[in-house]
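Chains as they are written, first to last, in the numbering used here: chain S, 330 to 717; chain R, 330 to 717; chain V, 16 to 352; chain L, 16 to 352. In this text, a Cβ means the ideal position worked out from N, Cα and C, and glycines have one as well. This structure is a prediction, so every number in the text was calculated from the model and none was measured. The structure appears right after this line, and notes come after that.
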Amino acid sequence: MDWSFPPEAEEFRNEVKEFIAEHLTDDVINSTHDGTIHNWEFHQKIAERGWLGGAVPSELGGGGKSAIEMAVMIEELQLAGAPIDGMGVAIVVASVVLELGNDHLKETLVPKLLSGETLVSFGYTEPDSGSDVAAAQTRAVKNGSEWIINGQKMWTTMAHIADYVLLLTRTNPDVPKHKGLTFFIVPLDAEGIEIQPVHTMGTERSNATFYDDVRIGDEWRIGDIDGGWEIMKAALKYERGIAGGQFPSPPLIDAFIDYAQKTTAPDGSYIIENPVVRERIVRSLIDVEVCRGFAYNTAFLASEGVMFGVEGSMTKLFASESYKKHSKWFIDMAGVEGLLYLGEDDAPVGGVIDEHFRHAPVTTIYGGTSEISRNLIAEGLLGLPRTR
Amino acid sequence: MDWSFPPEAEEFRNEVKEFIAEHLTDDVINSTHDGTIHNWEFHQKIAERGWLGGAVPSELGGGGKSAIEMAVMIEELQLAGAPIDGMGVAIVVASVVLELGNDHLKETLVPKLLSGETLVSFGYTEPDSGSDVAAAQTRAVKNGSEWIINGQKMWTTMAHIADYVLLLTRTNPDVPKHKGLTFFIVPLDAEGIEIQPVHTMGTERSNATFYDDVRIGDEWRIGDIDGGWEIMKAALKYERGIAGGQFPSPPLIDAFIDYAQKTTAPDGSYIIENPVVRERIVRSLIDVEVCRGFAYNTAFLASEGVMFGVEGSMTKLFASESYKKHSKWFIDMAGVEGLLYLGEDDAPVGGVIDEHFRHAPVTTIYGGTSEISRNLIAEGLLGLPRTR
Amino acid sequence: MYLRLSPDEESIKDIFDSFFDTECSIERVRSSEDSGFDADAWQRFVETGGPGMCLPEICGGGGADLTTAAIVADLLGRYVAPIPFIEHVVATRLIASLDQNNADLPQLATGELIASMALQPLSESTEIVPAGAVANRIIGFRGGEIIVIENANNASPLRNTANLPIARHSFDGGTVIASGDKARYWYQKARSEWQALMAVALTGLGRKAVDIGVTYAKERYQFGVLIGSFQGIQHGFASAITNIEGSHFLSSRAIAALQENANRGEQLAGMAFLFASEAALNAAATSLQYHGGYGFAEEYDVQLYYRRAKGWPLQLGDPGLEYQRIANLYLPKEGVH
Amino acid sequence: MYLRLSPDEESIKDIFDSFFDTECSIERVRSSEDSGFDADAWQRFVETGGPGMCLPEICGGGGADLTTAAIVADLLGRYVAPIPFIEHVVATRLIASLDQNNADLPQLATGELIASMALQPLSESTEIVPAGAVANRIIGFRGGEIIVIENANNASPLRNTANLPIARHSFDGGTVIASGDKARYWYQKARSEWQALMAVALTGLGRKAVDIGVTYAKERYQFGVLIGSFQGIQHGFASAITNIEGSHFLSSRAIAALQENANRGEQLAGMAFLFASEAALNAAATSLQYHGGYGFAEEYDVQLYYRRAKGWPLQLGDPGLEYQRIANLYLPKEGVH
């Protein structure tokens, strides 16, 4: 086995680090605290470097960046705590459109997505279908050359700043649930769409989107009628190479170490000197190294063109569950000051610790709950009999 | 709420402590290391005090000891690490016979059980029915005035020193599984019985017992034909008040504290001075206090004549799972010497720590696995829908 | 030994259950999220006699004991009520124990004045105090002395994870009301009372968090079945409620031990506090997880419980230090040379 | 970057898989339970060239690197093989690194002599040594010097949890073979190699333990269904195998870092060792639990894995001290005054 990165990936890592040092300013980081986990300026700087287009597979006309380089980029951006959700969505949607979209979508959407001018929001989940995404009820009915869409989506995060939504609809209710789905890319300024904020316990703002007799032309359909599950699989395929979530903990660990070095406990000793604290920091650092192994492995598989699935579930499960554990450890060890909101009371990094504690629980839920991941691992890797 | 014990229970606690100081000698403790978790001499001393008969409910002609006194006795015996499995079996079987047995069984069995002269082994489990005990396949067929028994039991612990086995048999294979069961108390010297040792990873020796055309008279039947499940329920009912298992950890914790006070780590400091070690000892002590709360609650419920079920499952789940965790913590913190068998290399209590590490895993299995306990709690206490 | 509420205690519980149901409904909790304190609810609580209930009658109180306070604390947890009942009870009991003639006691007994205390001996020049943003009298312990700050109304609240009315206070210029062994004894006792009542409240909070999750799991369908029928989810809830039950018994024993001035009161209070802190967070986090995305949405109640399950106990500081303190009560500090 | 075995490595793996399958079958493991050492298997291993495989050719070795040793260590774990491969490899590599002309090296390279090492710097007068009951040469580190005991055959084995051939040795009268920074460097490197190879072995052990449990869960019926269809059991196995996969990647990275003499080799080896220790025990304990009572029976294999999952790594001593050592490699020891 060879764990070394190819030289061009190492060079690229340096380039990304320099990019981060230059563009990931405090202002960018702070802008993400308002609840919108996207920063247009930073996003467009990434686009300007050609990294969005670079991430699109070369056989689709993008390219220039290997799967391993992409992994390096996403690792560095996560270690620095950069907002990258918009980046992931742009790359996934551009790739899916280039593979399976019509010319209208290719022309209208792809250039603007890859230049960082426009954003798409994912519209999969509904109030009654969370983990069971294929149970979507939002209806699309053909009416002449038009489609009429009625329904509701939940967790259409970034919809309030995006221009489009990648919408999963039901076009045939009379067949098994996976077989009656169709995807559209719907302009969010279409008549009949309403976007309502969904505020969360974490810092994120998400959205519920409502579709009331929304009329769009057939050119906005992507993939075959009733062939939506193919699009879903393609989107998941492209997400595999680019999805973040492997390194949620390092910004928290770094912040805590800084805090623990500067802050004394009630007995006057520095927090960093406490052996119990030190063991927990090491345990957290070990978990991060484990995440690194998982992340490099999926990058390697992607670079080999392997369609991996359960490996992604394991990565996601381990990274999010360990992060949730860390977020509890660190807020405890920070003491009462760990509770403070960002900017309160000069607590050096108190607000960051609180923010992670409130954010962490969602990471074991979105993008596939830990329970779903464990099901997939039990069935897919261990071959245990299906229970549901 | 009133957590204080009645004065007679406190007095009885002192009596039990004095009894333990006098009779629970090193020889008795050491005799249990050979794999037989019973000591006849100690068992008979308990019987001589009248505590076996005392534990039988007064409405059955036993009595004198309240449920709370019984709980006090069992707590103290466990804290001291005394062998009490035989005691529990004697009390349960005597109670069941007195409630539901015929005169033959009452006369033959009960006096000798309560005087500590004889022992009964539980014969419920079979190779193919562990958690699913009602699936027993051992057949009993009526042949004139006799019964002919064929089959096999697993985990007939103590059968090699007992005189009888409380045997669960199938008398009707054509009805739902709970409805075709019948119980017998079978003399272990009956022809056709073979007892084979089952050695375990822990120190315990158990047995597999084989029944090959064993013929016994109908006077050995207890309860109705096909009414075995009622006997099972009665046995579980009497076990509730008397079953141990709430305090597996204290002998281990005491041994470890003693060891940690006398032993230095490679850096020369005493193990007891290490803050990480100290936190874990406190966590273990807290778990023991939690077990105490559970145990006192079930004693209180028993004293009120409440038929509790799920409370027992919670007690058992918490006590055994926390004990398993402690056994891992303490062997780690004892270092390489924690691995040593009893008596090896003058390690002060090394062998005890190893023994607990090897014993602990079975406690989350026997008497209802943790998984079965969680099912019962989810369904019985939380009212969640049945899954199996 | 009697491990249920007595008929009298049941009545008290019913009264306060009605009180919280009306004055600290989840809508009222939400409407107090900014300040962490519902002044109207406190005013109504004053009218019930709640604030002074557990003060001696000679001080204008109701003469009830800590067991009665625990009944209220359990409900406080269930309702995640935004009133500083626990801090007020322990701080006023401390003042009453030291000086039955304290001039503030009549107003503290009625609840016109609110009291609280710093939960760690003071080392820094300032300290973050629970209920520090709403308390009029704040007790601290420094250098062997118990100090009271008498005009404590000037501190600005610090926004935080659990929407608690905490604030940072300086203790300069406070009045010394006790010193020496007496001060040490009574400060520790008050702190233990806070821990034991907090353990009870966290247990109530955790039990309600499980209730919320179980109710959701009995209503929510995915893959064509109730999610509550998935064994993975059942086992998570079963472990959570087992710990909550254990926490219930342990915190109840701690209250009883403090009430009886038993030797083990301080130990059991600390142990109950630490165990309840973990059990409550585990219960709330488990329940939140099984809500899926909705658990994270402000609109759903379980997140209120998750945040408080951590915020309430963390007012005492790093629990790791509390484990060490308990260790020092139990264990030899050195090896046997 | 290539995260599979190369064709050459696959061949090596196949060869040793056959070797272990024949010479360290589970029956052979069981028949060596008393001594923890199968002398016949070692003799056959000698015939394969295994003992000296990873020594420099100039010392009579095979010239292979640590990556190759890791392939064998993984299988050693899977088969819980009763031969002291890991100890022998790291101790002989240490001797070869310090003194290519060491008189013992030819016999160490063939495996006629067996070497091992004490895993903590010597402080007491005697030390329990892994493979100490079967090793002919034992290395220790004391007061800045590396010592070799040359006639180590006299120590009696200590019976233990994992049936390991451990024994207590005195290091008096040993020969000093290095001192100063050089000694410190090479001792630490050997210790890190032991940790990394042990991490690999524990990962192999844990993976096999899960295999055993999953196979059982696919055969065992209770309540009319396969127990492997219970979601509670599925989730336990899924978590266990996820940690084993993580351990696999981390231990493999540690081996690579040591192989390349990368700065982070010592850190990664320590981290991989600690993580693998927990992952392997969790895997074995999970698998044992889902066997029900049979897991506890000597007759079933999973208990062999459970005991070794704890015993193998514990030869290094309390892992808590290792966490502190790693902390000291990463973290400042004091606050910023």
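### Task
On a CA-only basis, which of LEU179/L, VAL95/L, VAL87/L, GLY126/L is nearest ALA106/L? Give me that one, please.
The residue with the shortest Cα to Cα distance from ALA106/L is GLY126/L.
### Query
Excluding sequence positions up to five away, which residues of its chain have a Cβ less than 8 Å from the Cβ of ASP414/S?
Taking ASP414/S as the centre and dropping the five residues before and after it, the same chain places the C-beta of ILE366, HIS367, THR486, MET487, GLY573 closer than 8 Å to its C-beta, in chain order.
### Strand pairing of THR720/R, partner residues [DSSP]
A query on residue 720/R cannot be resolved here, the shown segment of chain R reaching from 330 to 717 and no further.
### Message
Out of LEU669/R, TRP484/R, ASP587/R, which one is the CA nearest neighbour of GLY696/R?
### Response
Of all alpha-carbon atoms in LEU669/R, TRP484/R, ASP587/R, the one lying nearest the alpha-carbon of GLY696/R is that of TRP484/R.
### Task
Spell out a yes or no on whether the region 457-469 of chain S and the region 419-426 of chain S are touching, meaning 3 or more CB-CB pairs, one atom from each, closer than 8 Å.
Counting C-beta pairs closer than 8 Å gives fewer than three between the region 457-469 of chain S and the region 419-426 of chain S, which falls short of the contact rule.
### Message
Rounded to the nearest angstrom, what separates PRO347/V and ASP587/R at their Cα positions?
### Response
Taking the straight line from one Cα to the other gives about 10 Å.
### Message
For a quick check, are the C-beta atoms of GLU405/S and VAL345/S less than 8 Å apart?
### Response
Against a cut-off of 8 Å, the Cβ pair of VAL345/S and GLU405/S comes out as a contact.
### Task
For GLN525/R, name the three-state secondary structure that DSSP assigns.
Strand.
### Query
At which residues does the beta strand (DSSP E) containing LEU495/S begin and terminate?
Start and end: 493-499.
### Task
Below 6 Å CB to CB, which residues in the same chain sit around TYR453/R once its five sequence neighbours on both sides are set aside?
For TYR453/R, where only same-chain residues beyond five positions count, the Cβ hits under 6 Å are VAL462, LEU497.
### Message
With a threshold of 8 Å between beta-carbons, can VAL605/R be considered close to chain S, or not?
### Response
It does; some Cβ of chain S falls within 8 Å.
### Message
Give me the subset of the region 691-704 of chain R whose CB atoms are less than 9 Å from a CB atom of chain L, sorted by chain position.
### Response
Those would be VAL691, THR693, ILE694, TYR695, THR698, SER699, GLU700, ARG703, ASN704, in chain order.
### Query
Using a C-beta to C-beta distance shorter than 7 Å, which residues of chain S count as neighbours of GLU608/R?
Near GLU608/R (Cβ distances below 7 Å), the residues of chain S are VAL605.
### Message
Please return the same chain residues whose Cβ sits closer than 6 Å to the Cβ of GLN525/R, not counting the five positions on each side in sequence.
### Response
Once the five neighbours on either side are set aside, the close Cβ partners of GLN525/R are ALA537.
### Query
Is THR107/L near the ligand ADP, going by C-beta to nearest heavy atom under 7 Å?
For the ligand ADP, the structure offers nothing, since it holds no ligand at all.
### Query
Does the beta carbon of GLU455/S sit closer than 8 Å to a beta carbon anywhere in chain L?
With 8 Å as the cut-off, GLU455/S does not count as an interface residue toward chain L.
### Task
Determine, using beta carbons only, whether ASN479/S and ASP555/S come nearer to each other than 8 Å.
Cβ atoms of ASN479/S and ASP555/S: not closer than 8 Å.
### Task
Mind listing the chain R neighbours of PRO136/L? Cutoff is C-beta to C-beta under 8 Å, in chain order.
Residues of chain R whose Cβ lies closer than 8 Å to the Cβ of PRO136/L are, in chain order, PRO595.
### Run of the beta strand (DSSP E) containing PRO714/R, from where it starts to where it stops
Per DSSP, PRO714/R belongs to no beta strand (DSSP E) and is neither H nor E.
### Query
Can you find a C-beta in chain R that's less than 8 Å from the C-beta of ILE129/L?
Not an interface residue.
### Query
Under a three-way DSSP split, which group does TRP476/S fall into?
Secondary structure of TRP476/S (DSSP, three-state): strand.
### Message
Quick check: the Cα distance between GLN407/R and TYR670/R, rounded to an integer number of angstroms?
### Response
Whole-angstrom Cα-Cα distance: 22 Å.
### Query
Name the residues in the region 645-662 of chain S whose C-beta lies less than 8 Å from a C-beta of chain V; which are they?
Per Cβ criterion, the list reads LYS653, LYS657, ILE660, ASP661, MET662.
### Task
Could you tell me the distance, in whole angstroms, from the CA atom of GLU520/S to the CA atom of VAL494/S?
The straight-line gap from Cα to Cα measures roughly 14 Å.
### Query
In chain S, which residues lie less than 7 Å from THR176/V when you measure between Cβ atoms?
Simply LEU668, ASP683, PHE686, ARG687.
#### Entry: Per-residue contacts from ASP492/S into chain V (C-beta, under 8 Å)
Listed along chain V is no residue with a C-beta nearer than 8 Å to that of ASP492/S; the closest approach is about 24 Å.
### Message
Taking the alpha carbon of THR257/V as the reference point, which residue from ILE161/V, MET68/V, THR218/V has its own alpha carbon closest?
### Response
Ranking ILE161/V, MET68/V, THR218/V by Cα distance to THR257/V puts THR218/V first.
### Sub-8 Å separation of SER656/S and PHE623/S beta-carbons
Their beta carbons are not under 8 Å apart, which means SER656/S does not touch PHE623/S by this criterion.
### Query
When the Cα atoms are used, what is the spatial distance from MET330/S to ALA88/L?
Cα to Cα, the separation comes out at about 15 Å.
### Task
Run the CB neighbour count on LYS508/S, radius 10 Å, all protein chains shown included, and call it buried at 16 or more, exposed below.
Result: exposed.
### chain V contacts made by the region 401-423 of chain R, where a contact means CB separation under 9 Å
With the criterion set as a beta carbon lying under 9 Å from some beta carbon of chain V, the region 401-423 of chain R has no members that meet it.
### Task
Mind checking the region 238-258 of chain V against chain S and listing, in chain order, the residues whose C-beta falls within less than 9 Å of any C-beta there?
Correct list: PHE238, GLY239, VAL240, ILE242, PHE245, GLN246, GLY247, ILE248, GLY251.
### Message
Measuring straight from C-alpha to C-alpha, what distance separates MET132/L and GLU208/L?
### Response
Going from the Cα of MET132/L to the Cα of GLU208/L covers about 12 Å.
### Identified DSSP bridge partners for MET132/L
DSSP lists ILE154/L as partners of MET132/L.
### Task
Kindly list the residues whose CB is nearer than 7 Å to the CB of TYR315/L, restricted to its own chain and excluding five residues on each side of it in sequence; keep chain order.
Leaving aside the five residues that flank TYR315/L on each side, the residues in its chain whose CB is nearer than 7 Å to its CB run, in chain order, HIS306, TYR309.
### Query
If contact means a Cβ-Cβ distance below 8 Å, which residues of the region 318-329 of chain V contact chain S?
Of all residues in the region 318-329 of chain V, GLN318, TYR321, ARG322, LYS325, GLY326, LEU329 have a Cβ within less than 8 Å of some Cβ in chain S.
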